[in-house]
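A.B. asks: Got a structure here, written out as structure tokens. Questions coming.
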Ligand code: AMP
């Protein structure tokens, strides 16, 4: 089995995101970037399936500017075998990304594609669903467990009312939830080894995908500032304020 893991380069989760002065988006210049946390979980799960003897190869794919190769290297240092960088400076929408991943998945004959459930920058939560639809493959979204078996994959999904157990056929698309696993750290020897692992570069044009945008961003703004809190000296004062100032009780 070949596993394809699409990974996105996003602003590091520990960084405070700032809106650009012209309100066209968020500031990314000179900002620390990292692999999207849900994508790290996807890489970890692919590696575990390989280590359990279910996969021969784990391939990373990332679409975006040249720096995406750093994100691919992070996955290679965790243990993935090779990478594909879809090189473009354009702003990418989930549909365009899904079409490009489809093209790579078909070229690679990937049996399983493991995506993050969402990217923490745009919070789209769309790419995996669109990919499964355009590839006409079964989708297991928000999985917290996956096991390879004869029919395909037994998966557990996190849903509002609890856990849902499903069987999906192979080839398939799944998206990772937080509780699927805890991603490993790359060891120093593996970071060194990763430098020699191959990363192929392709362009959206070479993949035959039209990446023109269908969505126009009108404005990006900061959330409204919150008023400072006040300290109260007793429960009675708190009740009084809730009743007579906030008027919520
Ligand atoms: P989203 O639909 O943007 O919330 O992203 C969900 C998942 O799609 C991510 O966790 C990645 O696995 C994949 N993905 C999104 N954008 C990219 C990208 N530019 N390159 C590769 N994979 C991506």
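Residue numbers (the numbering used here): 997 to 1245. Every residue, glycine too, gets a C-beta built ideally from N, C-alpha and C.
If you reduce the DSSP assignment to three classes, tell me which class residue 1007 lands in.
C.D. replies: Residue numbering aside, residue 1007 sits at position 11 when the chain shown is read from its first letter. Looking at residue 1007 - three-state DSSP - the assignment turns out to be strand.
A.B. asks: Under 7 Å from any heavy atom of the ligand NAP, does the C-beta of residue 1208 make it?
C.D. replies: Inclusion of the ligand NAP in the displayed structure is not the case, the ligand content consisting of the ligand AMP alone.
A.B. asks: Can you tell me the Cα-Cα spacing of residue 1208 and residue 1201, whole angstroms?
C.D. replies: Taking the chain shown and counting its residues from 1, the one referred to as residue 1208 is at position 212. Taking the chain shown and counting its residues from 1, the one referred to as residue 1201 is at position 205. Those two C-alpha atoms are separated by around 11 Å.
A.B. asks: On a CA-only basis, which of 1148, 1034, 997 and 1199 is nearest residue 1119? Give me that one, please.
C.D. replies: Against the chain shown, residue 1119 aligns to sequence position 123. The residue with the shortest Cα to Cα distance from residue 1119 is 1034.
A.B. asks: Which one of 1230, 1232 and 1220 has the shortest CA to CA distance from residue 1015?
C.D. replies: For the purposes of this step, residue 1015 is identified with residue 19 of the chain shown, where counting begins at 1. Comparing Cα-Cα distances from residue 1015 to each of 1230, 1232 and 1220, the minimum goes to 1220.
A.B. asks: List the DSSP bridge partners of residue 1149.
C.D. replies: Counting from 1 along the chain shown, the entry for residue 1149 is found at position 153. Its beta-bridge partners are 1144 and 1164.
A.B. asks: Could you tell me the boundaries of the beta strand (DSSP E) in which residue 1059 lies?
C.D. replies: Working through the chain shown from its first residue, we reach residue 1059 at position 63. First-last of the beta strand (DSSP E) with residue 1059: 1053 to 1060.
A.B. asks: Taking only three categories from DSSP, how would you classify residue 1246?
C.D. replies: Limits of the chain in this structure are 997 at one end and 1245 at the other, which puts residue 1246 out of reach.
A.B. asks: Buried or exposed for residue 1137, please, with buried defined as at least 16 other CB atoms from any protein chain shown within 10 angstroms of its CB.
C.D. replies: Locating residue 1137 in the chain shown gives position 141, counting from the first residue. Buried, since its Cβ has 16 or more Cβ neighbours within 10 Å.
A.B. asks: Residues in its own chain within less than 6 Å of residue 1255 by CB, not counting five upstream and five downstream?
C.D. replies: Given that the chain is displayed from residue 997 to residue 1245, the structure contains no residue 1255 and the question cannot be resolved.
A.B. asks: With a CB to CB cut of under 7 Å and the five nearest residues on each side skipped, what residues in its chain are close to residue 1036?
C.D. replies: The residue labelled residue 1036 in the question sits at position 40 within the chain shown. Around residue 1036: 1179.
A.B. asks: With a threshold of 7 Å, establish whether the CB of residue 1071 neighbours any heavy atom of the ligand AMP.
C.D. replies: Working through the chain shown from its first residue, we reach residue 1071 at position 75. Result no, Cβ not under 7 Å from the ligand AMP.
A.B. asks: Within the same chain, show all residues whose beta-carbon is closer than 7 Å to that of residue 1147, passing over the 5 residues directly before and after it, in chain order.
C.D. replies: The count along the chain shown starts at 1 and reaches residue 1147 at position 151. Cβ neighbours of residue 1147 beyond the five flanking positions: 1163 and 1165.
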